[in-house]
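Q:
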Amino acid sequence: MQPNFNLEDLAKAIMPFGKYKGRYLINLPEHYIVWYKNKGFPKGKLGDMMGLVYELQLNGLEYLVRKLMK
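Sequence positions in the sequence shown follow my numbering and run 79 to 148.
#1: Quick one: complete alpha helix (DSSP H) runs, 4+ long, within the stretch 110 to 138?
#2: I believe methionine 147 touches alanine 91 by the beta-carbon criterion, under 8 Å. Please report the beta-carbon distance rounded to the nearest angstrom.
#3: For leucine 136, which residues from the same chain have a beta carbon less than 8 Å from its beta carbon, with the 5 sequence-adjacent residues on both sides left out?
#4: In terms of DSSP beta bridges, what is isoleucine 92 paired with?
#5: Is valine 112 buried or exposed, if buried means 16 or more other CB atoms sit within 10 Å of its CB?
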């Protein structure tokens, strides 16, 4: 499955709703991403991006996206 976004898109992506509305997805707290992983990520591009954030956080690779934010 090919994602419909790249890491540069993820670096610019902002949470559009909820407790952390307005935060960059890559900066969402790990516990929040894990909660969504267990609950089920939203459908579509946002959910795909949050799934990637989960994998990046799980493997300690958030810095790859944060480098693109500068």
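All C-beta atoms, glycine included, are put in the ideal place defined by N, C-alpha and C.
A: With the structure as the only source:
#1: Listed in chain order, the complete alpha helix (DSSP H) runs (minimum 4 residues) inside the stretch 110 to 138 are 123 to 136.
#2: 11 Å between Cβ atoms; not a contact.
#3: Closer than 8 Å at the Cβ level, and outside the excluded window around leucine 136, lies no residue.
#4: DSSP output for isoleucine 92 lists Tyr102 as bridge partner(s).
#5: So valine 112 ends up on the exposed side.
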